[in-house]
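Chains as they are written, first to last, in our numbering: chain Y, 1 to 115; chain V, 1001 to 1117. Take a look at the structure set out below.
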Amino acid sequence: NAGVTQTPKFQVLKTGQSMTLQCAQDMNHEYMSWYRQDPGMGLRLIHYSVGAGITDQGEVPNGYNVSRSTTEDFPLRLLSAAPSQTSVYFCASSYLQGYGANVLTFGAGSRLTVL
Amino acid sequence: AQTVTQSQPEMSVQEAETVTLSCTYDTSESDYYLFWYKQPPSRQMILVIRQEAYKQQNATENRFSVNFQKAAKSFSLKISDSQLGDAAMYFCAYRGYSGAGSYQLTFGKGTKLSVIP
């Protein structure tokens, strides 16, 4: 049971480069989300999705794009990386209904450094 | 917007002793969920315990228990019989019960717990 899989685990970019962080879950979760973690800041929501074709912004969406073409996948795109996007990124998912509806399952995180 | 405050950036506890981590939150909602997550050095986010606001009984999970004071908007985590493996960053988090607020988990800034052998 893989749970939530994030790739890559580490990435170094130069300012202005683009990249995509991949996230896949095999639990048939309707809800998927991306958070960034910065020292002393906790985790902050970037974007989320409540189903295929439906996405919305979180607290810190600027500089990031998302799409949800399938239930399983929720990639996060950085179109023009900036040093301020140096962070650890977490993908998380959950059901929308039932007992597990409010319990997020997190991926292992992706550390991104922008030079 | 909801806010979650963890006033203790760092704490330490002797092995086998008990420690309490504090969390307060601000909300105008009457129904919501509260969580404690643990993040060890491996970086993996692990759910420790959760509490539904409509339940008056405090949640417990083995050595972990909470003191949920709804009127005071306080949600502290007690770790009993502390073990070396409990050393980690602990995050308190809030999630709304319905509507747009239910789609966002709001985290505190974390408390780093050290366990002294």
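Glycine included, every Cβ here is placed at the ideal spot set by N, Cα and C.
For Y/Ala81, no beta strand (DSSP E) encloses it, and the DSSP letter there is neither H nor E.
For V/Ile1049, same chain residues with a beta-carbon under 8 Å away, outside a window of 5 residues either side, are Phe1035, Trp1036, Ala1059, Thr1060, Glu1061, Phe1064, Ser1065, Val1066 and Leu1077 in chain order.
For the set Y/Gln22, Y/Thr20, Y/Val50 and Y/Gln57, the Cα lying nearest the Cα of Y/Glu30 is the one of Y/Val50. Our two residues, V/Thr1027 and V/Gln1008, have alpha carbons roughly 21 Å apart in a direct line. Taking 8 Å as the threshold, the shortest C-beta distance from Y/Met27 to chain V does not fall below it.
Three or more Cβ pairs closer than 8 Å define a contact, and the stretch 1086-1094 of chain V meets that threshold against the stretch 1104-1117 of chain V. For Y/Gly42, the three-state secondary structure derived from DSSP is strand.
For V/Tyr1025 and V/Gln1069, the gap between their C-alpha atoms comes out near 11 Å.
About 4 Å separates the beta carbon of Y/Asn65 from that of Y/Arg77, a gap short enough to meet the 8 Å contact definition.
In the structure shown, Y/Leu96 falls within a coil segment according to DSSP collapsed to helix, strand and coil. A direct Cα-to-Cα measurement between Y/Leu112 and Y/His47 gives close to 17 Å. When 7 Å is used as the limit between beta carbons, V/Leu1047 is near these residues of chain Y: Val103, in chain order. In the three-state reduction of the DSSP assignment, Y/Leu104 falls in the coil class, being assigned neither a helical nor a strand state. Cβ atoms of Y/Phe90 and Y/Gln37 come within 8 Å of each other, at about 6 Å. Boundaries of the beta strand (DSSP E) harbouring V/Met1011: Glu1010 to Gln1014, taken from the DSSP string. Secondary structure at V/Tyr1103: helix, using DSSP grouped into helix, strand and coil. Residue environment analysis places V/Ile1116 among the exposed positions, since fewer than 16 neighbouring C-beta atoms fall within 10 angstroms of its C-beta. When DSSP states are grouped into helix, strand and coil, V/Leu1113 belongs to the strand group. With a threshold of 16 other beta carbon atoms within 10 Å, V/Asp1086 meets it and is buried. DSSP, reduced to helix, strand and coil, places V/Leu1084 within a helical segment of the structure shown. Within the stretch 48-82 of chain Y, the complete beta strand (DSSP E) segments at least 3 residues long are 54-57, 64-66 and 76-78, listed from N- to C-terminus. Inclusion of Y/Val114 and Y/Leu21 in the CB contact set at 8 Å is not warranted, their separation being larger than that value.
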